[in-house]
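S.K.:
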Amino acid sequence: MVQVYLKRQRKRRLEMGHPWIYRNEIEEVRGDPEPGGLVIVKNHQGHELASGFWNPISQIAVRIVSYDTSERIDRQWLKRKIGQAWSYRKRFLAQTDACRVVYGEADGIPGVIVDKYGSIAVVQILSLAMDVRREWLVAAVQDILSVTSIYERSDAPTRVLEGLEPVVQCLFGDCPDEVEIQENGIFYLVDIKDGQKTGHFFDQRDNRLALAPVVRFGAQEKTRPDQRFREDQANQPVASHATSTRIGATVLDCFSHTGAFALNAVRFGAQQVTLVDSSERAIEQAQKNAERNGYRDRCEFVTANAFDLLREYERSSRQFDVVILDPPAFAKNRAAVPSALRGYKEINLRGVKLIRDGGFLVTASCSSHVTKDEWYEVIAEAAQDARKILRLVEYRSAAKDHPQLVGMAENDYLKFAIFEVRSR
Ligand code: SAH
11 MVQVYLKRQR KRRLEMGHPW IYRNEIEEVR GDPEPGGLVI VKNHQGHELA SGFWNPISQI
71 AVRIVSYDTS ERIDRQWLKR KIGQAWSYRK RFLAQTDACR VVYGEADGIP GVIVDKYGSI
131 AVVQILSLAM DVRREWLVAA VQDILSVTSI YERSDAPTRV LEGLEPVVQC LFGDCPDEVE
191 IQENGIFYLV DIKDGQKTGH FFDQRDNRLA LAPVVRFGAQ EKTRPDQRFR EDQANQPVAS
251 HATSTRIGAT VLDCFSHTGA FALNAVRFGA QQVTLVDSSE RAIEQAQKNA ERNGYRDRCE
311 FVTANAFDLL REYERSSRQF DVVILDPPAF AKNRAAVPSA LRGYKEINLR GVKLIRDGGF
371 LVTASCSSHV TKDEWYEVIA EAAQDARKIL RLVEYRSAAK DHPQLVGMAE NDYLKFAIFE
431 VRSR
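Last residue of the sequence shown: 434 in this note's numbering, with the numbers rising by one and none dropped.
(1) Could you name the residues of the same chain whose beta carbon sits closer than 6 angstroms to that of Tyr-15, not counting the 5 residues immediately before and after it, in chain order?
(2) Give me whichever residues DSSP pairs with Glu-188 in a beta bridge.
(3) Starting from Lys-52, follow its DSSP beta bridges and name the residues at the other end.
(4) Helix, strand or coil for Leu-136, going by three-state DSSP, please let me know.
(5) Roughly how many angstroms lie between the CA atoms of Leu-138 and Leu-364, to the nearest whole one?
(6) For a quick check, are the C-beta atoms of Ala-427 and Arg-406 less than 9 angstroms apart?
(7) Of the residues Ser-68, Gly-258 and Glu-190, which one's Cα is nearest the Cα of Asp-331?
(8) Tell me which residue opens and which closes the beta strand (DSSP E) that Lys-100 is part of.
(9) Taking the DSSP output, what are the residues bridged to Gly-5?
(10) Between which two residues does the alpha helix (DSSP H) holding Ser-349 run?
(11) Closest to Ala-409 by C-alpha separation, out of Gly-417, Leu-400, Lys-425 and Lys-398, would be which residue?
(12) Give me the Cα-Cα distance between Lys-91 and Lys-100, rounded to the nearest whole angstrom.
(13) Going by the DSSP bridge assignment, what does Gln-282 pair with across the sheet?
(14) Grab me the residues of Gln-414's own chain with a C-beta within less than 6 angstroms of its C-beta, minus the 5 sequence neighbours each way, in chain order.
(15) Using the rule of at least 16 other Cβ atoms within 10 Å of the residue's Cβ for burial, across every protein chain shown, is Ser-250 buried or exposed?
(16) Expressed to the nearest angstrom, what Euclidean distance is found between the alpha-carbon atoms of Glu-301 and Arg-308?
(17) When DSSP labels each residue in this structure, what does Lys-342 get in the three-state scheme?
(18) When you compare only the Cα positions, how much space is there between Ser-61 and Ile-50?
Put into structure tokens, the structure is as follows:
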């Protein structure tokens, strides 16, 4: 077997649990590895550390698959790994009908994503090694998940780094264009063929539930005599009933995609939600989803650049009880971090300015290159510039179907926070 010797001077990332070997950490390669083939990784003294898949093109030269170099890496290995990933979801998720079943390295399968949408699996292959083992993947997914179709959405731009072309195809069964799923009691039509990524973002599932207490009532008490709130009435004299009523929040959901945050907000009692996304396709899909759930009359849809719209709402003094900001990853690499931070600051600054006193900012970042501290700092700066006092209500990360491998910081990518907002 081909042997890859690591340099003496290197960070002990592999030992700390990070499953990638970068090209510049390699001292010597003994043998002639095939692209995507298995190699043994050794330290500078020749001790075996792990086995992994070789890629002659990528900066990630080796992707670790096992710390037991005698383990056979074959069809059975993959089936075992997918079986373990599925057991983990069944143990920890309230609902496994629609969820992420395999999250790449965090599940020990380098560069493979498997999302389950009812009886359909959507797979994404992001590593050369798994690209050449596509047949194993199809067989294992069929076996473990008993799905009726498997669709491949290997059109992520990062495939170029592995020397791979985009591939989009039906791998098994009859692949429909759209599939209906249910999440948190809400129905979604997921566009598996043309939607973003694999069609739906499962990582925010539980964070959407965290909206409940912040959207149930608006920031300021309002009256609506025809909608009496029973708990309030219990200890009130009869005459004051009409003034003790509180109504749901008004919400701005920026970067709404197909409406997941917005629809959860309506479900939890928001009286009015404005959805904003620059993708016409996403807004169309959000409209269908609102319709499907009977929430159409509480939703307003805007196709626009959120940066522009936030400024426009500020100019027209439009106010909301809750502003949600769930943008795409602004930093695709470490070099893009400074400009990404300016972007995060900008939207959070514009966002907090639109929030009524006592209302809430619900904000997120999915850039793995931006740390939690860096992100927090720009939010604090935004609050300062807007002369607001923020109180952290809740900080959260990705749902449990996106496990975090200790030692692999890239896995800890999603940052989500709810802040109460008041003026200074
Ligand atoms: N909140 C969504 C996921 C958001 S993904 C959910 O819970 O499902 C990010 C979204 O931002 C995408 O739908 C993308 O179309 C949109 N987007 C990207 N740039 C934008 C911009 N400048 N203005 C508005 N929307 C944008």
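Even for Gly, the Cβ is constructed at its ideal location relative to N, Cα and C.
M.R.: Considering the structure as presented:
(1) The residue given as residue 15 occupies position 5 in the sequence shown. In its chain, beyond the 5 residues on either side, Glu-37, Glu-38 and Lys-52 have a beta carbon closer than 6 angstroms to the beta carbon of Tyr-15.
(2) As a first step, residue 188 is located in the sequence shown; it is residue number 178 there, counting from the start. DSSP links Glu-188 through a beta bridge to Asp-201.
(3) Working through the sequence shown from its first residue, we reach residue 52 at position 42. Tyr-15 and Glu-58.
(4) Locating residue 136 in the sequence shown gives position 126, counting from the first residue. In the structure shown, Leu-136 sits in coil (DSSP, three-state: anything other than H, G, I, E or B).
(5) As a position in the sequence shown, residue 138 is number 128, starting the count at 1. As a position in the sequence shown, residue 364 is number 354, starting the count at 1. Looking at the two C-alpha atoms, the distance is approximately 46 angstroms.
(6) The count along the sequence shown starts at 1 and reaches residue 427 at position 417. The count along the sequence shown starts at 1 and reaches residue 406 at position 396. Cβ atoms of Ala-427 and Arg-406: closer than 9 angstroms.
(7) Position 321 of the sequence shown, counted from the start, is the residue given in the question as residue 331. Distance check between Asp-331 and each of Ser-68, Gly-258 and Glu-190 places Gly-258 closest, using alpha-carbon atoms only.
(8) Locating residue 100 in the sequence shown gives position 90, counting from the first residue. Premise fails: Lys-100 lies in the alpha helix (DSSP H), 85–102, not in any beta strand (DSSP E).
(9) An answer regarding residue 5 cannot be provided, because it is not within the stretch 11 to 434 covered by the chain.
(10) Taking the first residue of the sequence shown as position 1, residue 349 is located at position 339. That run of the alpha helix (DSSP H) goes 347–363.
(11) What you label residue 409 is simply residue 399 of the sequence shown in a count that begins at 1. Just measuring C-alpha positions, the residue of Gly-417, Leu-400, Lys-425 and Lys-398 sitting nearest Ala-409 is Lys-425.
(12) For this step, residue 91 is matched to residue 81 along the sequence shown. For this step, residue 100 is matched to residue 90 along the sequence shown. C-alpha of Lys-91 to C-alpha of Lys-100: approximately 14 angstroms in a straight line.
(13) Residue 282 sits at position 272 when you count from the first residue of the sequence shown. The partner list for Gln-282 (beta bridge, DSSP) reads Thr-260.
(14) If you number the sequence shown from 1, residue 414 lands on position 404. Hits under 6 angstroms: Asn-421 and Asp-422.
(15) In the sequence shown, the residue the question calls residue 250 occupies position 240. Legend: pLDDT at Ser-250 = 43, less than 50; position of this residue unreliable, no value from coordinates given.
(16) As a first step, residue 301 must be located in the sequence shown, where it is residue number 291. As a first step, residue 308 must be located in the sequence shown, where it is residue number 298. Each residue's CA atom was taken as its position, placing Glu-301 and Arg-308 some 10 angstroms apart.
(17) Looking up residue 342 in the sequence shown gives position 332. Lys-342 falls in the coil class under three-state DSSP.
(18) Counting from 1 along the sequence shown, the entry for residue 61 is found at position 51. Counting from 1 along the sequence shown, the entry for residue 50 is found at position 40. Taking the CA atoms as reference points, Ser-61 sits about 4 angstroms from Ile-50.
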